[in-house]
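First to last, the protein sequences are chains H and U. If you use our numbering, the first sequence corresponds to residues -8 to 377, in order. If you use our numbering, the second sequence corresponds to residues 8 to 188, in order. Beta carbons are placed, not taken as given, at the ideal position from N, Cα and C, and that holds for glycine. Small disclaimer: the values here were computed from a predicted structure and weren't measured. Right, one structure below, let's go through it.
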Amino acid sequence: MKRIPVKERSSLADAAVRHEFEFQAGQGVPFWDETAYYQFTTQQIDEDIVAPAEEIENLCYQVISRAMEDETVLQRLGVARVHWDLIADSWQNKDRNLYGRMDLSYDGKGPAKLLEYNADTPTTLYESAVFQWEWLEEADKEGLLPDRCDQFNEVHEKIVEAFPRLGIDSILHLASNQDVEDDKGTLEYIAECAQEAGLLTNVLAMEDIGISEEGQFTDLDDKPISTLFKLYPWEWILAEDFGAHVAASGVRFIEPAWRSILSNKGLLPILWEMFEGHPNLLPAFFEDDPAADALGETYVRKPLLGRQGANVEIYRDGKIETSREGPYGEQAHILQEFHPLPDFDGRFPLIGCWLIASKAVGMGIREDKTLITGTEANFVPHVIVE
Amino acid sequence: MKRLRNSASVIALVAASAMFTTACEEPKVDAAIYETLQQCLKDINMVRSECEKNYNSARQQHAAVAPKFASKQECETEFGAARCEQAPQRTSSGGSMFMPLMMGYMMGSMIGGRGFGNSQPLYRTRSNPGTFRTSDNKAAGRSTGRTQVAKSSMARPTSKASTRSRGGFGSSGRRFGSAAT
C-alpha cells in the first residue's frame, strides 16, 4: 500500500461543476484531495479487504441471530424494550439491507482491523461510487497514472442491480434532512440509482412525512408511504414524535430496523465476546464491564451512537491524548483497543469498505490529520496496480 | 474490475416524483365515461346492468380515493364553488374533512367482450373543467360515452390517506445536522 503524490486533473474544476460540488481556485473541492492517491495490489484488495469484510458481515449476522434469542444483546445496546419487536420483525420478515460501510484500519501489511460498521446511514457514497471513478478515467486520460490502473469500485452498478431485488412493488419514497446539502445530495444520488433500476421515486424531507387517520405515513400528496429509504438514523426516528407509530405504519424501511444493531458501537464488544481472537476484530468492551481492564490504560473510548468521530477519545496511560468534541458525550460508551491508523506522510487513512447487499464491492479512503477521522477528513482516491 | 461505465449517466439531479406520462403519447384502451348514471342508461350502446354496477362501484370508492382537504374553501379553490362535500373522514381533533363531488365515472372494456369493469370516480378541476380527471389526477379526456383513454389513466386509484399531522420526524436532524456516519 503506497501513498503517491500526483497532479490534479486539469478537468477538476469542470468535474466539480458537473457533480455540483463546490470549487475554489487554489483550494479545489472541499473534503476531496486528488493531490495524491493510494495504491494497492489486487491481492491486498481481495485477501485483506474483501475477504475479511464479507467474513465480518457473516459474523454480524450471527450477532443478530443471537439478538433474536438473547434479550441481553438489545439491552446492552441500549435499545428500549418497546422497539424490540420492530427490530425482530424486520429480521424475521427478511427485510433486505442495501448498503453499509465498514471502517477498517489497514496499512497494506497486517490484517485489517474493524473500527466500526456504518450499517445504517453511511457517508461518502457519492465520492466512492462516482466521483473517484471519474477521477480514475480522467487522470488516466491525462497520463497521470501508471498503465493499467484499476480501482476497487463497482458500487454504482451493484446498487442499481440490488434495487430490483429488494422486492419494492410500489413507489419508493426517499427522505432525509433536506437542509444538509451533503445528505440531500446523497439521497438524490440514491434516488437516481433506483430510477436507473426502473423504480418510480418520490423524494421528500423527513419533516414532510405526515401520518393519516389510519396510522399510515403519508407524503406531501397524502399518498401512503409503503417503502421508505431513509438517510436518517434509526435512533433518531424512534426517539421522535412519530417514532411510536413506526411499527403500526406498515412501512418497509431501507435500511431495515435490524441494521440498528450493527450501526450501534455496542456491536464491537459483542463481536469480541462471540469471536474473541478473530484476526480482523479488535478487543472491545462495554465501559462498565470489568473485563475492560484487559485493555489497560491505553484504549479508545467511543459513544454507542456518535457520528463521524464526534466524542471519540484516545486514552494513553490513563489520560486523554486525542479527542473530538461533540454532542454525544452523555451516552453509554464502549472501550476498544487502540490500533492506530497508519501514518502515510503525516496523514492517517481510514479505509471504508462498501458492502452492497452484503457483498464487498468498493472502497473509499478518507484521510485525517489526526488519529480520529472526523468531518474535516479529505476523501482521497485509490488505484489498483499489480 | 474495470468497466466501461459512462459516468455522465449519474450526473443530473432529478426532481421529486416522475409519475405522470403525457396521455397523448401512451397506448390507449377502450373505456366508457359518463357524468351520471342517467347519462349511461340513455346510451343505447350500454347495457343497464353495466351502467348500474359500475356506477355503484365508483360511488363506493369515491369517499376513499377522492382528494381530501381540511376546509371546504381549500377544496373549492381546487374544484370550484359548490363542487365540494363533506367527507366521512374526520381529523384527529374531530374536525371535518372535505372532498370534491363525484362528477362522473369511468369504466374499462373487459377482455373477451365481457362488458365493462374496473370503474372509478372522476372529477373536474376549477382550472380545467373540460377534462375529466381521476382521483390520482390522471387525465381521462373530454368525451362522454364510449371512448378511448390512456392506459395509465385506467390504473386503480390509490386511497387518499387523510393526513392528520406532519412534522413528527426531523427534530434530531435540526439538532445534530448530518445523519451520516
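- Distances from the CA of U/TYR62 to each of U/CYS47, U/ALA73, U/ALA71 were compared; the closest alpha carbon is that of U/CYS47.
- Relative to U/GLN68, the option among U/PRO128, U/ARG55, U/ALA186, U/ASN144 whose CA is nearest is U/PRO128.
- Annotation for H/ILE78: ALA58, LEU65, VAL70, ALA248, TRP249, SER251, ILE252 place their beta carbon closer than 8 Å to its own, counting only its chain and skipping 5 residues before and after.
- A Cβ of chain U is located within less than 8 Å of the beta carbon of H/MET197.
- If the five residues before and after H/ILE159 are omitted, its C-beta is found closer than 7 Å to the C-beta atoms of LEU190, THR218, all from its own chain and listed in chain order.
- In this structure the segment 159 to 172 of chain H lies against the segment 184 to 198 of chain H, because at least three pairs of beta carbons, one per stretch, are closer than 8 Å.
- When CB distances to chain H are screened at a threshold of 8 Å, the residues of the segment 145 to 167 of chain U falling below it are THR165, SER166, LYS167, in chain order.
- Closer than 8 Å to the CB of U/LYS75 there is at least one CB belonging to chain H.
- Look at H/GLY234 here: in three-state DSSP terms it is helix.
- When beta bridges are read from the DSSP output, H/GLY353 appears opposite H/ASN144, H/TRP345.
- Neighbours of U/THR170 in chain H, taken as residues whose beta carbon is under 8 Å from its own, are GLY201, ILE202, SER203, THR209, ASP213 in chain order.
- U/HIS69: not part of any beta strand (DSSP E); member of the alpha helix (DSSP H) spanning 55 to 72, first to last residue.
- For H/LYS175, the enclosing alpha helix (DSSP H) covers residues 172 to 187.
- Closer than 7 Å at the C-beta level to chain U, one finds these residues of the segment 211 to 235 of chain H: ASP213, LYS214, PRO215, LEU222, TYR223, PRO224, TRP227, ILE228, ALA230, GLU231, ASP232, PHE233.
- Secondary structure at H/SER81: helix, using DSSP grouped into helix, strand and coil.
- If you draw a straight line from the Cα of U/ARG182 to the Cα of H/PRO224, it is about 13 Å long.
- By the beta-carbon neighbour count (other beta carbons within 10 angstroms, threshold 16), U/VAL54 is exposed.
- Within chain H, no C-beta atom comes nearer than 7 Å to that of U/GLY120; the closest sits roughly 31 Å away.
- H/GLN299 reaches chain U at SER185, ALA187, THR188, counting residues in chain order whose Cβ is nearer than 9 Å.
- Beta-bridge partners assigned by DSSP to H/LYS310: H/ARG307.
- Judged by beta-carbon spacing, H/GLU278 lies within the 8 Å limit of H/ALA323, meaning their Cβ atoms are closer than that value.
- With its beta carbon at least 8 Å from every one in chain U, H/ASN49 lies outside the interface.
- In this structure, H/GLU152 is the residue among H/LYS214, H/ILE202, H/GLU152 with its C-alpha nearest to the C-alpha of H/CYS184.
- The beta carbon of U/GLN96 falls within 8 Å of a beta carbon belonging to chain H, placing the residue at that interface.
- Annotation: U/PHE86 is outside any beta strand (DSSP E); the continuous alpha helix (DSSP H) that includes it extends over 79 to 86.
- H/ASN109 carries a strand assignment under DSSP once its states are collapsed to helix, strand and coil.
- Around the CB of H/GLU48, 16 or more other CB atoms lie within 10 Å, so the residue is classed as buried.
- Of all residues in the segment 307 to 325 of chain H, only PRO318 place a beta-carbon less than 8 Å from a beta-carbon of chain U.
- Counting only residues of its own chain and dropping the five nearest sequence neighbours on each side, H/ARG156 has a CB closer than 8 Å to the CB of ARG87, ALA348.
- H/ILE216 is the residue among H/ILE216, H/THR192, H/ASN193 whose C-alpha sits nearest the C-alpha of H/SER203.
- Unbroken alpha helix (DSSP H) runs of no fewer than 4 residues, entirely contained in the segment 149 to 186 of chain U, are found at 178 to 183, following chain order.
- Using beta-carbon distances, H/ASN255 does not count as an interface residue toward chain U, since no partner is under 8 Å.
- By DSSP's assignment, U/GLN127 forms a beta bridge with U/MET113.
- Distances from the CA of U/GLU33 to each of U/ARG163, U/LYS158, U/ALA146 were compared; the closest alpha carbon is that of U/LYS158.
- Spatial neighbours of H/ASP173 in its own chain (CB-CB distance under 8 Å, excluding positions within 5 residues in sequence) are listed in chain order as THR114.
- Contact of U/SER78 with chain H by beta-carbon distance below 8 Å is absent, the smallest such distance being about 15 Å.
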